[in-house]
Amino acid sequence: MNYFIHPTAIVETNVKIGENAHIWHHCHVRESAIIGEDVSLGKDVFIDKNVSIAKGSRIQNGVSIYNGVNIGQWVFVGPNVTFTNDRHPRAGSKTWSLSQTKLKDGCSIGAGSTIVSDVTIGAFSIIGAGSVLTESIPPFHLAYGLPARIVSKICACGDTRLELSAEPSEYILSCCHEKLKPDVISLAQSVIEKLK
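Take any residue in the sequence shown, count from 1 to its spot, add 72: that is its number in my numbering.
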């Protein structure tokens, strides 16, 4: 396989690593994780057991992704984003229920955001930097704040805000064709087809 693992990184057993993946300084990837093709894990990233990160996604420095977080294709997770996997954490609890968090294809999370578990971040949506997300966000929406609230819809590349009344046919604009790779455009088109 053709991938890069920095000498300071720890990669446990039964980890699947795709072509052209990069695992940088001081990362720790736990057993049975799946790191897809062309994925990049920045410095000091922790990937818990059973986490799956699909093709082309970028996890920036200082992010811990815990069991129960599932990451689609071409997802961007900014530096120091915090994930959780328990809606009711308590030390010394007799039982524990794993909460799922889904990051759908093409979505982006800004630096320093906190994602409370048991939410879905819709395809090609954006969570603004420093936000606290406590509720699911639909595809092609922009949300930010404390707590994060939807403020508009957004085009596929994230460059242009759209009215909340915008139709799916408006989600790919000329800026998107200029900024996104052809396979990301195709992915956005397939998401839009499902929304119609």
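C-beta: ideal position from N, C-alpha, C; glycine also.
Since this is a predicted model, take the numbers as computed values, not measurements.
- Approximately 6 Å separates the beta-carbon atoms of Lys121 and Ala105; this is inside 8 Å, confirming the contact.
- With 16 or more other Cβ atoms from the protein chains shown falling within 10 Å of its own Cβ, Asp190 counts as buried.
- Between Ile244 and Ala220, the C-beta gap is not smaller than 8 Å, which leaves the two residues out of contact.
- DSSP places Ile107 within a strand segment (E or B) once states are collapsed to three.
- With respect to Val263, Phe196 sits close: the two C-beta atoms are nearer than 8 Å.
- In the structure shown, Val117 adopts coil according to DSSP, grouped into three states.
- Distance from Gly144 to Ala126 at the Cβ level is roughly 5 Å; contact confirmed, criterion being Cβ atoms closer than 8 Å.
- The DSSP-derived three-state label of Ala201 is coil.
- Counting only the Cα atoms, Gln172 lies some 28 Å from His97.
- In this structure, Val117 places its C-beta atom within 8 Å of the C-beta atom of Cys99.
- Membership of Val223 in the beta strand (DSSP E) is indicated by the continuous run 220-226.
- With a cutoff of 8 Å on beta-carbon distance, Ala228 and Leu252 are scored as near each other.
- In the DSSP assignment, His94 forms a beta bridge with Phe76, Ser112.
- If only uninterrupted beta strand (DSSP E) runs of at least 3 residues are considered, those enclosed by the stretch 171-217 are 173-175, 213-217.
- Counted as a single uninterrupted DSSP element, the alpha helix (DSSP H) harbouring Ile264 occupies residues 254-267.
- In terms of Cβ geometry, Asn133 and Val123 do not form a close pair [threshold 8 Å].
- Taking C-alpha positions only, Thr232 is separated from Pro254 by approximately 19 Å.
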